[in-house]
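Enquirer: The following block contains the structure, expressed as structure tokens.
Residue numbers (my numbering), protein chains in the order written: chain B, 35 to 696; chain S, 691 to 852.
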């Protein structure tokens, strides 16, 4: 009897769950989370999900809905897996005004847009610690450009971009004295000397090349996040701020004093006019701009020595402050461009501002006063309304394009769905645990793709197999197709999955580069064919022009290298087919290996410290004879008379000779 | 009995739902499967009799005398993309030596092999026999049709054709 009861209950429960969704086959399957995230062998995911690696400094690419990790894209940290930041060609990418910096904290990502929609051309990424912005090309999935930001400390509110990728903006998190000046650390000095800056990086329409067009110098406060206006509000940027108290110490308490901080609204079209009219000031500075050249397969660094600055306390009518409760974090513009959602992370409500009311407030001069010389609009004059008691610790909001907003709540660990129009809470789901950002595919565009919301979580206790004190951070995929959100999948991530962007696979997959045309390889040390391989000595430097093809490296025997020589192995991969990289590693090289793409040339510098034989080999499995893809370098004492010789097979230094006694 | 019937009805509903959805997906995957991953036995048998190999080249017109401009271009292409693995003599390196190849194979077979490597290695019995000897799949070096034709001319030169 007991068993029958149990079975009946189980069956009834299962039917009840299915019941309301059994109207069609599709909705019945929709009730099955596993089948909705299962991507069968040989099938592709629906979306690319680009997820920041946080303190790993990289970007991870996941497939949605499977949550499968497709690639780790090296951006701001050296990557031993493929030699990024170790090879001579990629080292310049990590140059800064303070030298080579091999690590950063990668926080936000922005996909390039045309007419307010993702266009699949580029992905922009920020470095939070040593302020930089990178552009990643989505044909080759390669970091093509990194620009440093002067006058910035903690590049947090970046990269966010305008609806036609006119500008990528980068706002400073830590206020710092402009021009890297030294200052005493006390509240009086902070108020006097410390400033925050919003940098506007212009993006070339065709090449994507970045240049810092101008910087707006703002009062000392912490710019947190940002969003560009769109549609009617195109031409504006909105930044959230905290520490408008201008405290210099114990910010946990001292930067939480006021009931309201600000959303900083910047009319960038007007700022652009001021720059064109010559009203910006040239300021001497020094910052690096590193660019990777697709033809030479090499990066170069350029030092830029001045920047244009705009002072909104002098040019009064392009920066306005909107009061926002309390310590706002996210500052998100809905797809219509009419509403700006502030997320007071210490407030018990979500304020929503209306763009039209904000513009009217400026026209009506509905100001409540000034803050450090900047006009402050009356809170109520710009307010559309407040979402009451939504949860604890609202951080970020994304949109589904159907009039709904989804806000992450860090403290209460949940996603809350609410209606923009009437500000009513519609649904809530738990996250596991401490969600930071969330992402709806296209949720920051004019036309969200919708369908899913992904939570990026900080804590994963009890979600995965334990791995010591540190557990993987995670993402969680929810369906938002129905009225109720539904959890579909947990998947672990690298580093801290800070923010993310997602784009339908169709917009990227068919443009993927399969190999680099060897005929177009203009690397100064290319060996286009084995005939072009050689070894050249220039004083202390030895340049090895080496080729790789299934299944040998040419030359595979090198003699005449001396202790202390700087040996540059320039490896050209002669393959012209998809997914046939070759690796190169040499015994005791103190850096990393190389991973050389088909048709590419890459260089590993190695300075042997001792005499002996140094084997080298291909690290990336390439064929049945991969294991045989190996060779030797002989290193003799400094000043030795062993002549420089190299070759393979018949041309190897000792070809035909057998010097062993018989 | 009663509970069993419930279970049965419920399982049936699930099975129908799953079958309905899964079926559509499966058909698609069949259509989309790359040819090289599903070599049909019938095709191989048909191909085994074709000395022209598998590919778009059905009728390659040879030039007499040799087109020296093409020979030169062929040599340039070969030195970047081919001679890492092929000697110009009869000696096998990674791949077979080139000497005599234009006597062993039809011009069409050579052109098809060079431009359609993966399908040839998967289906053409002659190509498969060579793979058993060399043990390394020839890389698809993405030669254009013109490049392939020029390389053929260079091979003819090596073989002393005119």
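Cβ atoms here follow ideal geometry from the backbone N, Cα and C, with glycine treated the same way.
Using alpha carbons as the reference points, say which of B:480, B:692 and B:642 lies closest to residue 264 (chain B).
Expert: Locating residue 264 (chain B) in the first chain gives position 230, counting from the first residue. Measuring from the Cα of residue 264 (chain B), the nearest candidate turns out to be B:480.
Enquirer: Please report the distance separating the alpha-carbon of residue 103 (chain B) from that of residue 170 (chain B).
Expert: Stepping through the first chain from its first residue, residue 103 (chain B) is reached at position 69. Stepping through the first chain from its first residue, residue 170 (chain B) is reached at position 136. Approximately 18 Å between the Cα atoms of the pair.
Enquirer: State the beta-bridge partners of residue 315 (chain B) as determined by DSSP.
Expert: Numbered from 1 along the first chain, position 281 holds the residue referred to as residue 315 (chain B). B:343, per the DSSP bridge assignment.
Enquirer: For chain B, find out if any of its Cβ atoms is closer than 8 Å to the Cβ of residue 830 (chain S); answer yes or no.
Expert: Against the second chain, residue 830 (chain S) aligns to sequence position 140. It does; some Cβ of chain B falls within 8 Å.
Enquirer: Bridge partners of residue 520 (chain B), per DSSP?
Expert: In the first chain, the residue the question calls residue 520 (chain B) occupies position 486. Answer is B:513, bridged to residue 520 (chain B).
Enquirer: Is the Cβ of residue 827 (chain S) closer than 8 Å to any Cβ of chain B?
Expert: One-based indexing of the second chain puts residue 827 (chain S) at position 137. Yes, because at least one Cβ of chain B sits closer than 8 Å to the Cβ of residue 827 (chain S).
Enquirer: How should residue 842 (chain S) be labelled, buried or exposed, when 16 other C-beta atoms within 10 angstroms of its C-beta is the threshold for buried?
Expert: Here residue 842 (chain S) corresponds to residue number 152 of the second chain, with the count starting at 1. Residue 842 (chain S) is buried by the Cβ-count criterion.
Enquirer: Counting only C-beta atoms, is residue 657 (chain B) closer than 8 Å to chain S at any point?
Expert: Residue numbering aside, residue 657 (chain B) sits at position 623 when the first chain is read from its first letter. By this cut-off, residue 657 (chain B) is an interface position.
Enquirer: Counting contacts by CB-CB distance shorter than 8 Å, is residue 686 (chain B) in contact with chain S?
Expert: By 1-based counting over the first chain, the position of residue 686 (chain B) is 652. It does not: the Cβ of residue 686 (chain B) has no partner Cβ on chain S nearer than 8 Å.
Enquirer: Distance cutoff 8 Å, beta carbons only. Does residue 565 (chain B) sit that close to anything in chain S?
Expert: Within the first chain, numbered from 1, the residue matching residue 565 (chain B) stands at position 531. So, interface residue.
Enquirer: Give me the Cβ distance between residue 172 (chain B) and residue 158 (chain B), rounded to the nearest whole Å; I'm assuming they're in contact under 8 Å.
Expert: Along the first chain, read from residue 1 onward, the residue named residue 172 (chain B) stands at position 138. Along the first chain, read from residue 1 onward, the residue named residue 158 (chain B) stands at position 124. At roughly 11 Å, the Cβ-Cβ gap does not stay under 8 Å, so residue 172 (chain B) and residue 158 (chain B) are not in contact.
Enquirer: With a 10 Å radius around its C-beta and 16 neighbouring C-beta atoms as the bar for buried, classify residue 553 (chain B) as buried or exposed.
Expert: By 1-based counting over the first chain, the position of residue 553 (chain B) is 519. Exposed, because fewer than 16 other Cβ atoms sit within 10 Å of the Cβ of residue 553 (chain B).
Enquirer: So, is the C-beta of residue 80 (chain B) closer than 8 Å to a C-beta in chain S?
Expert: As a position in the first chain, residue 80 (chain B) is number 46, starting the count at 1. Output row for residue 80 (chain B): interface = no.
Enquirer: Kindly indicate if chain B contains any beta-carbon less than 8 Å away from that of residue 847 (chain S).
Expert: Translated into positions along the second chain, residue 847 (chain S) becomes position 157. Chain B contact via Cβ: absent.
Enquirer: Identify the contact partners of residue 773 (chain S) in chain B, using a Cβ-Cβ distance below 9 Å as the criterion.
Expert: Position 83 of the second chain, counted from the first residue, corresponds to residue 773 (chain S). Per Cβ cutoff of 9 Å: 563, 564 and 565.
Enquirer: Once you ignore the five residues that flank residue 634 (chain B) on each side, which residues in its own chain have a CB closer than 6 Å to its CB?
Expert: Residue mapping note: residue 634 (chain B) aligns to position 600 of the first chain, counting from 1. Answer for residue 634 (chain B): 331, 550 and 607, listed in chain order.
Enquirer: Is there contact between the segment 337-355 of chain B and the segment 573-584 of chain B, where contact requires at least three CB pairs shorter than 8 Å?
Expert: Taking 8 Å as the limit for Cβ pairs, the verdict is that the segment 573-584 of chain B does not touch the segment 337-355 of chain B.
Enquirer: In three-state terms, what does DSSP make of residue 78 (chain B)?
Expert: For the purposes of this step, residue 78 (chain B) is identified with residue 44 of the first chain, where counting begins at 1. Here residue 78 (chain B) sits in coil by DSSP.
Enquirer: Determine which residues of the segment 539-555 of chain B have a Cβ less than 9 Å from any Cβ of chain S, and write them out in chain order.
Expert: Going along the segment 539-555 of chain B in chain order, one finds 548, 549, 551, 552 and 553 with a Cβ nearer than 9 Å to chain S.
Enquirer: In chain B, what lies closer than 7 Å to residue 769 (chain S) by C-beta?
Expert: Within the second chain, numbered from 1, the residue matching residue 769 (chain S) stands at position 79. Ordered by position in chain B, the residues that pass the 7 Å Cβ test against residue 769 (chain S) are 563 and 565.
Enquirer: Using a Cβ-Cβ cutoff of less than 8 Å, which residues in the same chain neighbour residue 852 (chain S) once the five nearest sequence positions on both sides are dropped?
Expert: Indexing the second chain from 1 puts residue 852 (chain S) at position 162. Excluding positions up to five away in sequence, the list reads 754, 755 and 756.
Enquirer: Kindly give me the distance between the Cβ atoms of residue 834 (chain S) and residue 588 (chain B), rounded to whole angstroms, as I take these residues to be in contact under 8 Å.
Expert: Translated into positions along the second chain, residue 834 (chain S) becomes position 144. Translated into positions along the first chain, residue 588 (chain B) becomes position 554. In fact, because the Cβ distance is near 25 Å, the residues do not count as touching under 8 Å.
Enquirer: On a Cα-Cα basis, can you pick out the residue from B:324, B:376, B:83 and B:650 that is closest to residue 388 (chain B)?
Expert: As a working mapping, residue 388 (chain B) is identified with position 354 in the first chain. Checked all of B:324, B:376, B:83 and B:650; the closest Cα to residue 388 (chain B) is B:376.
Enquirer: Check for me: the alpha helix (DSSP H) holding residue 206 (chain B) runs from which residue to which?
Expert: For the purposes of this step, residue 206 (chain B) is identified with residue 172 of the first chain, where counting begins at 1. Residue 206 (chain B) -> no alpha helix (DSSP H), and no H or E assigned at all.
Enquirer: Alpha carbon to alpha carbon, what distance is there between residue 189 (chain B) and residue 490 (chain B)?
Expert: Within the first chain, numbered from 1, the residue matching residue 490 (chain B) stands at position 456. Within the first chain, numbered from 1, the residue matching residue 189 (chain B) stands at position 155. Spanning the two alpha carbons is a distance of roughly 20 Å.
Enquirer: Measuring from the CB of residue 783 (chain S), is there a heavy atom of the ligand ATP at a distance below 7 Å?
Expert: Absence of the ligand ATP is noted for the structure shown, with no ligands found whatsoever.
Enquirer: To be precise: take each residue of the segment 784-802 of chain S, compare its Cβ to all Cβ atoms of chain B, and keep it if any distance is under 9 Å. Which residues remain?
Expert: The residues in question are 784.
Enquirer: Whole alpha helix (DSSP H) runs in the segment 365-425 of chain B with 4 or more residues, listed along the chain?
Expert: With a minimum length of 4 residues, the continuous alpha helix (DSSP H) runs that stay inside the segment 365-425 of chain B are 389-397 and 413-416.
Enquirer: Leaving out five residues on either side along the sequence, give the residues of the same chain with a beta carbon under 6 Å from the beta carbon of residue 197 (chain B).
Expert: To locate residue 197 (chain B), count along the first chain from 1; it is residue 163. Excluding positions up to five away in sequence, the list reads 147, 150, 264 and 268.
Enquirer: Using the rule of at least 16 other Cβ atoms within 10 Å of the residue's Cβ for burial, across every protein chain shown, is residue 605 (chain B) buried or exposed?
Expert: Along the first chain, one-based indexing puts residue 605 (chain B) at 571. The residue is buried, with at least 16 neighbouring Cβ atoms inside 10 Å.
Enquirer: State buried or exposed for residue 752 (chain S), treating a residue as buried only when at least 16 other CB atoms are found within 10 Å of its CB.
Expert: What you label residue 752 (chain S) is simply residue 62 of the second chain in a count that begins at 1. With fewer than 16 Cβ atoms within 10 Å of its Cβ, residue 752 (chain S) is classed as exposed.
Enquirer: What is the C-beta distance between residue 548 (chain B) and residue 612 (chain B), in whole angstroms, given that I count them as a contact (C-beta under 8 Å)?
Expert: Against the first chain, residue 548 (chain B) aligns to sequence position 514. Against the first chain, residue 612 (chain B) aligns to sequence position 578. About 4 Å; that satisfies the 8 Å criterion.
Enquirer: So, is the C-beta of residue 349 (chain B) closer than 8 Å to a C-beta in chain S?
Expert: Taking the first chain and counting its residues from 1, one reaches residue 349 (chain B) at position 315. So no, residue 349 (chain B) is outside the interface.
Enquirer: Quick one: list the residues of chain S neighbouring residue 111 (chain B), beta-carbon separation under 7 Å, in chain order.
Expert: For the purposes of this step, residue 111 (chain B) is taken as the residue at position 77 of the first chain. The contacting residues do not exist; residue 111 (chain B) stays about 32 Å from chain S at best.
Enquirer: Please list, in chain order, the chain S residues whose beta carbon lies closer than 7 Å to that of residue 614 (chain B).
Expert: The count along the first chain starts at 1 and reaches residue 614 (chain B) at position 580. Those within 7 Å of residue 614 (chain B) in chain S are 829.
Enquirer: What would DSSP say about residue 538 (chain B), mapped onto helix, strand or coil?
Expert: What you label residue 538 (chain B) is simply residue 504 of the first chain in a count that begins at 1. Three-state result, residue 538 (chain B): strand.
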